[in-house]
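Every number in our numbering is 6 more than the matching position in the sequence shown, counting from 1. Data first, discussion second: the structure below is written as structure tokens.
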Amino acid sequence: MKVGIIGCGAIANIMTNFAVEGKLGVDLKFFYDKDIERAENLALQVDGTVVLEIEDMLDKVDLVIEAASPHAVGEVIPQVLESGKNVLIMSVGALMDFELKDRLEKIATSTGAKIYAPSGAIVGLDGIKAASIGKISEASLITRKPPRSLGIKTDGETILYEGKASEAVKEFPTNINVAAALSIACGIDIDVKIIADPSVDRNMHEVHVVGDSGEFTTITKNVRCSMNPKTSVLAAYSAIKLLRRLNENIIVGT
Ligand SMILES: NC(=O)C1=CN([C@@H]2O[C@H](COP(=O)(O)OP(=O)(O)OC[C@H]3O[C@@H](n4cnc5c(N)ncnc54)[C@H](OP(=O)(O)O)[C@@H]3O)[C@@H](O)[C@H]2O)C=CC1
Ligand SMILES: O=C([O-])CC(=O)C(=O)O
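The structure is reproduced here in structure tokens:
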């Protein structure tokens with residue numbers, strides 16, 4: 007399967023390293039970024055091609071990975087889906103704009119393309135998807151990151167946000183995509199708290215869900231990407247696992 011990537015930052019770098027070792031599960035060949043040098047650096051590693059416009063890769067790939075920004079989802083994903091190509095979206099927060107989500111789903115339905123959104127930097131999405139078959143009555147996320155990951159300086163624990171996921175993704179578009187994945191999986195706009203905590207060196211996500219099937223809590227203490235401390239390594243790994251799964255015959259986990 008031939009793949010192109012939009013956004014050549016932290017996540018794309020990890021994916022490219024896996025591609026170099028032949029462990030990505032797909033053939034990553036096309037690279038696009040606002041910053042052409044970043045695209046060139048990655049393309050060089052896999053003998054790939056830099057494109058200056060998205061359309062230059064569309065007739066050569068089966069799937070396009072978005073690893074750029076929530077804004078990029080609205081900007082470029084419609085044309086990818088219109089060309090009938092599948093997409094893997096990392097900036098899931100964009101899908102909390104329900105008009106955009108609806109539009110993307112309609113295009114995908116008409117062209118037969120698929121939209122994949124990996125579980126990202128959280129654990130427990132498998133259980134939440136199962137629980138959503140019944141009724142979920144409560145769902146919340148507490149995200150705790152080192153201040154640097156949240157782009158601030160503080161000496162003490164500071165609550166930066168408390169409210170619904172739909173607003174959180176607007177205020178912290180590149181820090182809380184996980185809230186969108188959870189909300190979409192639960193089918194409700196979940197409760198979110200974002201804390202800057204100078205005493206931690208991990209990006210931590212605590213998920214709590216109550217439903218008619220029971221109740222569960224998951225806690226993730228993520229190693230941060232060296233290139234971008236906002237982003238957890240697990241987010242990149244979740245995308246790689248999803249790509250590999252596209253070729254697997256036995257699917258374990260919901
Ligand atoms: N689902 C999840 O759990 C997670 C999702 N994410 C999201 O995934 C995305 C990628 O993350 P990450 O790799 O860490 O991000 P980075 O900031 O490290 O890299 C993104 C790259 O994409 C470029 N870019 C941004 N917008 C566009 C555009 N419209 N067209 C082309 N290039 C663009 C950026 O350029 P420039 O720097 O100049 O803007 C940058 O080079 C982010 O939106 C992030 O929020 C991250 C972690 C977890
Ligand atoms: O990587 C993380 O820990 C979470 C993140 O940035 C996001 O969801 O946008």
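A virtual CB, placed ideally from N, CA and C, is assigned to each residue, including glycine. All figures in this text were calculated on a predicted structure; none of them were measured in a lab.
Straight-line measurement puts the Cα of ASP53 at about 17 Å from the Cα of GLY31. Distances from the CB of ILE182 to the heavy atoms of ligand 2 include at least one below 7 Å. DSSP places ALA127 in no alpha helix (DSSP H); its state is neither H nor E. The Cβ atoms of GLY15 and MET233 sit closer than 8 Å to each other.
LYS91 and LEU64 have their alpha carbons spaced roughly 7 Å apart. Rounded to the nearest whole angstrom, the CA to CA distance from THR260 to VAL79 is 25 Å. The alpha helix (DSSP H) runs of length 4 or more contained entirely in the segment 42 to 100 are, from start to end of the chain, 42 to 51, 61 to 64, 76 to 88.
Contact between ILE139 and ILE121 fails: their C-beta atoms lie close to 21 Å from each other, not under 8 Å. Taking a C-beta distance under 8 Å as the contact criterion, VAL198 and GLY217 do not qualify as a contact pair. Here the alpha carbon of ALA241 sits roughly 28 Å from the alpha carbon of ASP161.
Annotation for LYS151: the continuous beta strand (DSSP E) segment containing it runs 142 to 151.
As the crow flies, the alpha-carbon of GLY118 is around 15 Å from that of VAL67. Distance from the CA atom of GLY13 to the CA atom of SER146, rounded to whole angstroms, is 30 Å. For VAL215, the enclosing beta strand (DSSP E) covers residues 209 to 217.
In this structure, the alpha-carbon of ILE71 lies about 12 Å from that of THR22. With contacts defined by Cβ atoms closer than 8 Å, LEU101 and ILE134 do not form a contacting pair.
Uninterrupted beta strand (DSSP E) stretches at least 3 residues long and entirely within the segment 215 to 240 occur at 220 to 228, given in chain order. Taking all protein chains in view, the Cβ of ASP195 is crowded by 16 or more other Cβ atoms within 10 Å, so the residue is classified as buried.
Residue nearest to SER89 within the set LYS176, ASP62, ALA202 is ASP62 (criterion: CA-CA distance).
Note on geometry: alpha-carbon atoms of ALA74 and THR224 lie some 27 Å from one another. When the Cα atoms are used, GLU163 and VAL229 turn out to be separated by approximately 19 Å. The C-alpha of GLU111 is placed about 30 Å away from the C-alpha of ILE200. Remark: the shortest separation between the CB of ASN19 and any heavy atom of ligand 2 does not fall under 7 Å.
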